[in-house]
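**Q**
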Amino acid sequence: MTEPTLSKTERCRQCGGEFFVGKGARELCNECLNVSQEERETLLSPNKEQETEG
290 MTEPTLSKTE RCRQCGGEFF VGKGARELCN ECLNVSQEER ETLLSPNKEQ ETEG
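Numbering-wise (this note's numbering), the sequence shown opens with residue 290 and increments by one.
(1) Nearest-angstrom Cα distance between Glu-330 and Glu-307?
(2) For Arg-329, write down the residues that DSSP places opposite it in a beta bridge.
(3) Could you give the DSSP three-state label for Glu-320: helix, strand or coil?
(4) Would you mind working out which of Thr-298, Ser-325, Gln-326 sits nearest Gly-311, comparing C-alpha positions?
(5) Closer than 6 angstroms by C-beta to Glu-316: which residues in its own chain qualify, once you throw out the five before and the five after it? Chain order, please.
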């Protein structure tokens, strides 16, 4: 008895909303995933806005 994982829905650990899971296991829905990716990019890239202060 193997369940198809393509039609699986998970509950987002951040906002608690249910979202559709495709390939791969995710813990965040698309909206939270996009936000976390943007936060990661801003943390990795140096803040050019703060460099021009003075």
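We treat Cβ as the ideally placed atom computed from N, Cα and C, and that holds for glycine.
Source: prediction; values computed, not measured.
**A** To lay it out plainly:
(1) 25 angstroms
(2) Paired residues: none, contrary to the question.
(3) helix
(4) Thr-298
(5) Arg-302
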